[in-house]
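Remarks on the structure that follows.
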Amino acid sequence: MIGGDVCTRSCKFCNVKTGRPAPLDPAEPENIANSVKLLGLKHAVITSVDRDDLADLGAAHWVKVIEAVKRENPETTMEVLIPDFQGRQELVQQVIDARPEVISHNLETVRELSDGVRSRAKYDISLQVIRQVSESGIVSKSGIMLGLGETREQILQTMDDLLAVGCKVMTIGQYLQPSEANLEVKEYVTPETFKEYERIGLEKGFRYVESGPLVRSSYHAEKHVR
Numbered sequence: 315m316i317g318g319d320v321c322t323r324s325c326k327f328c329n330v331k332t333g334r335p336a337p338l339d340p341a342e343p344e345n346i347a348n349s350v351k352l353l354g355l356k357h358a359v360i361t362s363v364d365r366d367d368l369a370d371l372g373a374a375h376w377v378k379v380i381e382a383v384k385r386e387n388p389e390t391t392m393e394v395l396i397p398d399f400q401g402r403q404e405l406v407q408q409v410i411d412a413r414p415e416v417i418s419h420n421l422e423t424v425r426e427l428s429d430g431v432r433s434r435a436k437y438d439i440s441l442q443v444i445r446q447v448s449e450s451g452i453v454s455k456s457g458i459m460l461g462l463g464e465t466r467e468q469i470l471q472t473m474d475d476l477l478a479v480g481c482k483v484m485t486i487g488q489y490l491q492p493s494e495a496n497l498e499v500k501e502y503v504t505p506e507t508f509k510e511y512e513r514i515g516l517e518k519g520f521r522y523v524e525s526g527p528l529v530r531s532s533y534h535a536e537k538h539v540r
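First residue of the sequence shown? That's 315 in the numbering used here, and the numbers climb one at a time after it.
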């Protein structure tokens with residue numbers, strides 16, 4: 315996770331600290347690139363906190379990290395799990411122009427629950443980000459959590475919404491409450507139901523669907539490059 319360990323947002327499902335972040339670390343791009351090399355990673359997944367405190371919301375820092383990883387690890391493929399950049403298309407384009415193999419942006423939940431689950435993020439802005447990635451030719455990816463009170467019909471509609479903006483990969487996992495301050499789990503979804511959603515998603519047209527109680531955004535991520 316780049317950009318520090320303090321986020322400018324306070325999403326109700328997330329246990330990352332919220333507050334005023336420290337300045338960006340100018341050594342971080344090279345440090346990340348060297349860590350990828352030291353670990354011998356064939357595929358790297360990088361994410362970040364939201365940096366709404368910065369004029370460019372952290373986009374230039376993202377580009378520096380991607381470029382450093384590519385320079386030091388030319389054989390390593392990369393997925394970047396990005397924030398929404400407040401829907402500013404010119405900032406999303408900066409990340410696209412750095413050409414990671416996969417760009418992921420999570421919806422996190424269904425439209426009907428989005429405002430109560432995600433802080434200062436909008437469902438349609440997230441779809442716009444995913445559409446922009448899809449139209450660039452880069453593999454687009456998104457994920458949701460189950461167990462927050464969503465219905466089957468809402469989950470299937472979310473699949474349709476993602477497919478409509480060209481999303482190729484979807485992850486579906488179980489929400490687990492990280493602390494007492496976060497949203498409570500409304501339902502523990504059965505493994506059989508997760509498998510059913512995987513089947514339905516593939517039938518609808520996703521290239522890959524990773525669906526299971528322990529699935530997270532990076533689950534089997536190396537497969538999604540292809």
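We put the beta carbon where it would ideally sit given N, CA and C, even for glycine.
Boundaries of the alpha helix (DSSP H) in which residue i is found, first to last residue
{"i": "Gly493", "result": "The residue asked about is misnamed: residue 493 is Ser in this sequence, not Gly. Unbroken run through Ser493: none, as it is neither H nor E."}
{"i": "Ile469", "result": "466-478"}
{"i": "Val447", "result": "437-450"}
Identity of the residue in the options nearest residue i by Cα
{"i": "Arg530", "options": "Glu512, Ala495, Met459, Gln468", "result": "Met459"}
{"i": "Arg466", "options": "Val503, Lys378, Val416", "result": "Val503"}
{"i": "Tyr533", "options": "Val359, Val443, Thr391, Leu355", "result": "Val359"}
{"i": "Lys500", "options": "Leu490, Glu494, Glu506, Phe508", "result": "Leu490"}
{"i": "Arg535", "options": "Leu395, Met315, Ala435, Val350", "result": "Note on identity: in this sequence residue 535 is Ala, with Arg being the wrong assignment. Minimum Cα distance to Ala535 is reached at Leu395."}
{"i": "Asn420", "options": "Gly372, Glu393, Thr322", "result": "Glu393"}
{"i": "Gln446", "options": "Val523, Pro343, Arg402", "result": "Arg402"}
{"i": "Val424", "options": "Arg323, Gln407, Gly487", "result": "Gly487"}
{"i": "Ile469", "options": "Gly451, Glu426, Gly333", "result": "Glu426"}
{"i": "Glu386", "options": "Glu344, Ala374, His375, Ile417", "result": "Glu344"}
{"i": "Tyr437", "options": "Ser456, Ser349, Ser324", "result": "Ser456"}
{"i": "Thr391", "options": "Lys482, Ser448, Glu381", "result": "Glu381"}
{"i": "Ile316", "options": "Gly461, Leu516, Val379", "result": "Val379"}
{"i": "Ala435", "options": "Gly318, Asp319, Ala369, Lys326", "result": "Lys326"}
{"i": "Pro492", "options": "Ser324, Gly318, Cys328", "result": "Cys328"}
{"i": "Asp366", "options": "Phe520, Gly480, Pro397", "result": "Pro397"}
{"i": "Ala373", "options": "Glu512, Val350, Glu404", "result": "Glu404"}
Simplified DSSP state of residue i, which is helix, strand or coil
{"i": "Glu501", "result": "coil"}
{"i": "Ser525", "result": "strand"}
{"i": "Thr485", "result": "strand"}
{"i": "Thr423", "result": "coil"}
{"i": "Val350", "result": "helix"}
{"i": "His534", "result": "coil"}
{"i": "Gly430", "result": "helix"}
{"i": "Arg513", "result": "helix"}
{"i": "Pro337", "result": "coil"}
{"i": "Phe508", "result": "helix"}
{"i": "Ala369", "result": "coil"}
{"i": "Lys326", "result": "coil"}
Those residues which DSSP pairs with residue i across a bridge
{"i": "Cys321", "result": "Thr332"}
{"i": "Ile316", "result": "Ser362"}
{"i": "His357", "result": "Thr391"}
{"i": "Ile417", "result": "Val394, Ser454"}
Segment limits, beta strand (DSSP E) that includes residue i
{"i": "Ser456", "result": "453-460"}
Any beta strand (DSSP E) of 3 or more consecutive residues that is wholly inside the segment 378-413
391-395
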